[in-house]
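Each remark here refers to the structure printed beneath this line.
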Amino acid sequence: MGEQTISEHLRAEGVTRREFIQYCGILAGSLGLTALPSGLHGSPDLGRRALLDRVVQALETSPRLPIIWLEFQDCAGCTEALTRSQSPTLVDLVLNEVSIDYHETLFAAAGTAAEEARLQAMETYAGRYVLVVEGSVPTGGRGLFCTIGGRSATDILDEAAAGAAAIIATGNCAAFGGLPKASPNPTGAKGVWEIVEDKPVVNIPGCPAIPEVTTGTLAHFLVFGKLPELDALNRPKTFYGTTIHDRCQRRPFYDAGKFAGSFDDEGARRGYCLYKLGCKGPTTYNACATLKWDGGLSFPIQSGHPCLGCSEPEFWDGGGFYQGQSAPIGPPGLTTIGLVAGAGAVVGAGVAAANRARRRKPAPTAPTAPAESGGEP
Amino acid sequence: MSQTTTRTAEAIDTFVEETGGWIASQLEACTRCGICAAACHFYQATGNPDFAPVWKVELLRRAYEQRFTVAGRILTALGIRRRITDEDLVAWSKLVYEACTVCNKCAMVCPMGIQLGPLIHDVRAGLAAAGMVPDDLMAAVNKQLEEGSPLGVTDEVFEQRIDWVSDEWDVDIPLDREGAETLVVFSSIEIMKFPENIADIARILNAAGESWTLSTAGREVVNFGFYEGSAEHTAIFISRVLDAAKALGVKRVMVTECGHAYDALRWTAPNLVEMPEGLEITHIVAVLDALVRDGRIRLRTGTADGDGGVTFHDACKIQRRGGHIEEPRRLLKILAAESFREMTPNREAAICCGGGGGVIAIKEADPNRYAAFGLKLDQIRAAEAGTVVMACSNCRLQFLDGVQHFGSDLKVRGLSEMVAEGLEASDEGRTS
Amino acid sequence: MSWHEFLRFLRGPLFEVALLVFAAGLAYRIFRVVALGWRRERAPAMGSRAGGVVTSYAKGIGIWPFIPWVKDAFRGNAVTFLAGGLFHLGLFVVILLGTAHMLVWKSLLGFGWPTLPLPIVDFLAAGAIVAMIALLINRFTQPVVRKLTGPAEMANWIFVFLPMLTGYMMTHHMFFRYEVLFSLHMLTVDVLLIWIPFSLIPHFAFYFFSRTIHGSQFGRRAVTP
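Protein chains in written order, with this note's numbering: chain A, 3 to 379; chain Y, 251 to 682; chain D, 24 to 248.
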C-alpha cells in the first residue's frame, strides 16, 4: 500500500477530473452538514463552494484511509448492509478512499494469516487507522464468550483501540450492546464505549446501522481529520439529530389521531400512524425517515411496520416492539396488583380494628344500643 | 393561650365513639370545595365563611384525622398538626348551636352527597359530652329533665291547660285513655303558645271518628336532648313518650305540629332505644292528608281564598327530612284552591326558617336568626303571598317573632288551624 | 445518567413501585374506613332506598355536572362548578379515551378500547389545564374555599397539575426534546401515583360511599335526592 493520494488513486483507476469533482460533490452531500465543523479555518457559513473545495483539497492531499474492522458478538448485518448499499457510486467511492486492512467477513484470508495481516496493518498505520467495531463485547466469564484465535474480544479491542486514530462503533451491538445485552444478558455484553474509556468512540447505532450513515461518518473523518459533532450518546448529530417521528411521512396522521389498530385493518391499509402498534418513532433518533434504506427505497414505517427504536440503547428491553410507546415497561401483572392491594386492605382493616378497640365501652346508664346518628344506608 | 383539658378529651372521645364507617367514609369523601356554603341560610344571610357547613364539621374531621389515621397521629405527635383545644370547643359551640339549624340542605348541594346535617349533629354530641352547650339551651334541657318540658309544662300544668282548652273551645279531649289507637303528643310550644292548635286538632280527630288520646306522662313531644345532641338525653325524652304509648297500649304515636320531634321519634329513636313492638310513628300532616283522602273528614273548597296569596313554608324536619312534602300541598290546594302558590325554592330544597335546631332558644343567636329570616321574607315577597302556612310550631314561633322584628304584615298560620277552619259543617260538632 | 436511562427507569421500575404503592395505599385507605363498622339502621324506611340511590347517582353524574347553573348553589360557586367540571371532564377523557393512555391500560389489563381523535382529546386537555389554573386562583380568592386551603390542598393541586402540563407539552413537543418531556411526564405521574394514597384524592373512591349513603338516606325518607 503506497502513499498515493486518493485523487491520484482515482486518476490511476481511470476517473476523469470532471468525474472526480462530481464525486467530491456527492461526497460533500453525504456528509449531511449545514455548516463547516468548528475549529477549521474559514468562515463557518457554507457557501456552495466552500465545502466542495474542502473535500477536493482533502482528496487531493490525503492518502486512502486505513480501516481495521473488528467483529465481536455480531451477526455481520451491519457489514451486509454496507455492502448491499444501493448507492454503488458512493460506497465504491468510499471504498476507494479507504483501504480495509482487516475484515473477517470480507476478507478472503482466514485463520492465522488474517490475524497476522491485522497486526501488520496496526503496526504500519499506528496512530492513523480508523478502528471500526461491529458487535458487542462480552465481559462475563472473563472473556471466554467471544474469542478469536484464542484471545478474548476485550483483549483484542484494547489492543486495537490503543493505536487507533478514531474508533467507530457501528450497529446497536457495538454502540450499546444490542441484542446480546438484552435481558438477562448472559454474556455480560457491553458496547465499545463502555470498555474503551480513554478515547472518544463514535456510535453509529441501528440494527443494522444505515450504511450511508457509516460511510458518511467515515467520509467526515477523511475530509476533516476529526470526528463529527456528537450528541450525548456519541452519535453524529447530522444523522441522529432528529427523531423518526419528527421526519415521519405519517406524522399528519399522528397529529390527527388516525391510527392503524392492527396490521391489516382499514387504518393500516390507508397508511395511518403506527403508534398504537408500538412505533417507537417519537423517542428514536436516526436518519431512517430521511435517508431511508436501500438507497432511499423505503423504511419500516413506510412499509407498514412500526419503528423498533433500534438506534436507541436497550431497545430490546424497551417494553415490547408491539406495545405502545406510552405503556410502562414491565408493569406489574394483575395478580401482583391484587396481592399488594390485598395487603394494603389487610393493614387498613388492622388500623380500623385498632381504632375500634380504642372506643370507650358504653356507660351502664346509657340506652341499650350505642348512639350514632346514622346507620347503614 | 391554648388549653386542652379533660373537656376536650371528652369531646374527642365522643367523636371517636361515634365514628364508624358511616361517618368516616363521608369525612374522607369531602374535597374541600366549599359548595355547601351556598346552601346554608346562615352563610347566605351573613357572608361569614365560618358558617360554611364544611367548616362546622371541621372539628369532627380533625378529631378523625388525629385519632384514626396513622399520618394524623404522627403529624400531631410531631406538633405539625395542632391539637384540639378548649378554645376550639368554644368557637365551634357557637358555630354548631348558634349558626346551624341542622336543616340538612347542605347535604343536597354537596357534589359528593355528604350528609353534613347528621355530621354536624355529631359535632353537637361531642360538645354536649364536653359540657360546651350554650347556657340557654342547656337550661331548657335541664328544665325538660326535671319538669318534663322546657317550657315548664309539668303534669299539673298540662292537665290544667288541657282542661282549659277543652272548655274554652268546647271540644272533647280524651286523656290517658287506655286502648285508644293513637297517642297524640303535643309540643309544649303548642300547649303554651298556640293552645288553639290543640283544640283544632282535637276537633279534626273527633270529626274523623279517630280513636285517640293524650297522655299525662307522655305529654311532651319536644326533645331538647336532640337539640343538645346528647344521645342519653334524647333517649330519656323519647322513652317518656314510648313508655306512655306502651302503658296505654296504643298502635301508633302521632306527633303534632313539631318538626325535630318527628325526626327524633320517627327516624332516630329506633337506633337509640328498643321500640315497642309494632308501634307506628306518624305526623299530623300525614294523618290530615290521609283523613281527607279516605273521606273521613271533608274540606270545603277555598276557605282560605279571598285574602291574597297563600304559600306554604316547608319545615326542614317534616318535609326535607321527613318526606311529607305533597301532603300539605294536597290540603292547601283544596283550602286555598285559587290563592295557593309556591315560593322558590320549595319542597326538599326549601330554605330553613332559621329558628330550628334550638337556635330560637338561644339569645346570643338572635342576630343570626333574624338575618336568616330576612331570606324567608324575601322569598315570600317574591311569591307575592300575604299569608304563609306551616306545619311546625317552632317555625311558627320564628315566623311570628321575625315578622314582628321586621315590622312585616305577613300573616302566619298553622296548617291544622286552617284544616279545622275548613271542615265541612256537618262534620263539625261531632264529638268522639 | 442520560435522559434515556432516566426515562427507562421512570417507565420501568419506578412506575412499577408507584403503581403498587397506589394500589396498596388506596386499598388501605378504603379498608381503614370500611372496617370501622357499620351500624344497622333500625328505623323502618318510608320510601325506596334503591330508588334514592339510583336517582342520586343519575343526578350526581349524569345531570348536574352538565347543567350546574340550574342549582341555586351555583351562585358564588360558578368557578368551582364550571372549572371543576371542565377539569374532571378533561381528566376522564384524557385518561380513558386518549390513545396514549389507553395503551397504558391495555398493558395493565390485557385489553384496549376505541379512543377519541387526538384533536378532541387535546382540546379538552387544554381546557382542563385552564380549569386547574382557574381553580387555583379561586382557592385564594373565594372566601369559603380560602379557609379550607392548606398545604395538603396545595400539594394536591401541584401533583395533579404537573402531569397534565407535562403531558400536554409532550404531545405538542414543546420546548424540550421528546425524551426529556416524556421523562418529566413519567416522573410527575409516578410522584402523583405515590402521593394519591396520602392525600384527599381518594375522594373518587369514597364518592361511592357518600353518594350511596346520600341516595339511601333521602330515599328511605321518601325525599328526592
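Even for Gly, the Cβ is constructed at its ideal location relative to N, Cα and C.
Sorted by chain position, which residues of the same chain lie with C-beta nearer than 7 Å to residue i's C-beta, five sequence neighbours on each side aside?
i	result
residue 320(Y)	none
residue 110(D)	151, 154, 155, 158
residue 189(D)	204, 207, 208, 211
residue 62(A)	7, 9
residue 614(Y)	348, 384
residue 26(A)	54, 57, 58, 61
Could you check if residue i is buried or exposed, using at least 16 other CB atoms within 10 Å of its CB as the buried criterion?
i	result
residue 366(A)	Residue placement at residue 366(A) is poorly supported in this model, since its pLDDT is 35, which falls under 50; the coordinates still yield a value, given next. Label assigned to residue 366(A): exposed.
residue 647(Y)	buried
residue 357(Y)	buried
residue 59(A)	exposed
residue 577(Y)	buried
residue 25(D)	exposed
residue 464(Y)	buried
residue 583(Y)	exposed
residue 188(A)	exposed
residue 247(A)	buried
residue 138(A)	buried
residue 96(D)	buried
residue 185(A)	exposed
residue 82(A)	exposed
Give a yes or no on whether 8 Å exceeds the smallest Cβ distance from residue i to chain Y.
i	result
residue 236(D)	yes
residue 62(D)	yes
Any C-beta of chain D sitting closer than 8 Å to the C-beta of residue i?
i	result
residue 598(Y)	yes
residue 283(Y)	yes
residue 239(A)	no
residue 456(Y)	no
residue 299(Y)	yes
residue 575(Y)	yes
residue 328(A)	yes
residue 357(A)	yes
Near residue i, what residues of its chain come up, given a Cβ to Cβ distance below 6 Å and the 5 sequence neighbours on each side ignored?
i	result
residue 79(D)	234, 237, 238, 248
residue 154(A)	145
residue 423(Y)	412, 416, 452
residue 541(Y)	458, 547
residue 5(A)	65
Just grab the DSSP bridge partners of residue i for me.
i	result
residue 138(A)	75(A)
residue 102(A)	69(A)
residue 261(A)	275(A)
residue 549(Y)	673(Y)
residue 150(A)	153(A)
residue 172(A)	136(A), 206(A)
residue 502(Y)	432(Y), 530(Y)
residue 170(D)	According to DSSP, which records beta bridges pairwise, residue 170(D) is partnered with nothing at all.
residue 232(A)	238(A)
Within 8 Å of any Cβ in chain A, is that where the Cβ of residue i sits?
i	result
residue 124(D)	yes
residue 418(Y)	no
residue 318(Y)	yes
residue 248(D)	no
Tell me which same chain residues have a C-beta within less than 8 Å of the C-beta of residue i, skipping the five on either side of it?
i	result
residue 157(A)	145
residue 414(Y)	445
**Asked** Touch check for the segment 278-295 of chain A and the segment 183-202 of chain A: three-plus C-beta pairs under 8 Å?
**Response** no
**Asked** Given 8 Å as the limit, is there contact between the segment 320-327 of chain A and the segment 231-239 of chain A, that is, 3 or more CB pairs closer than that?
**Response** no
**Message:** Check whether the segment 589-608 of chain Y and the segment 550-564 of chain Y touch, using three or more Cβ-Cβ pairs below 8 Å as the test.
**Reply:** yes
**Asked** Does the segment 298-311 of chain Y touch the segment 353-370 of chain Y, meaning 3 or more C-beta pairs lie closer than 8 Å?
**Response** yes
**Request:** Pair every Cβ in the segment 158-170 of chain A with every Cβ in the segment 124-138 of chain A, then say whether three or more of these pairs are closer than 8 Å.
**Result:** yes
**Asked** Do three or more CB pairs link the segment 616-624 of chain Y to the segment 284-296 of chain Y at distances below 8 Å?
**Response** yes
**Prompt:** Between the segment 420-438 of chain Y and the segment 503-512 of chain Y, do at least 3 Cβ pairs fall closer than 8 Å?
**Reply:** yes
**Request:** Evaluate contact between the segment 558-565 of chain Y and the segment 629-648 of chain Y, counting only Cβ atoms and requiring at least three cross-stretch pairs below 8 Å.
**Result:** yes
**Prompt:** For the segment 203-218 of chain A against the segment 171-186 of chain A, are there 3 or more C-beta pairs whose distance is under 8 Å?
**Reply:** yes
**Prompt:** Does the count of Cβ pairs from the segment 385-403 of chain Y and the segment 476-485 of chain Y closer than 8 Å reach three?
**Reply:** yes
**Message:** For the structure I just gave you, are there three or more beta carbon pairs, one from the segment 139-151 of chain D and one from the segment 165-181 of chain D, closer than 8 Å?
**Reply:** no
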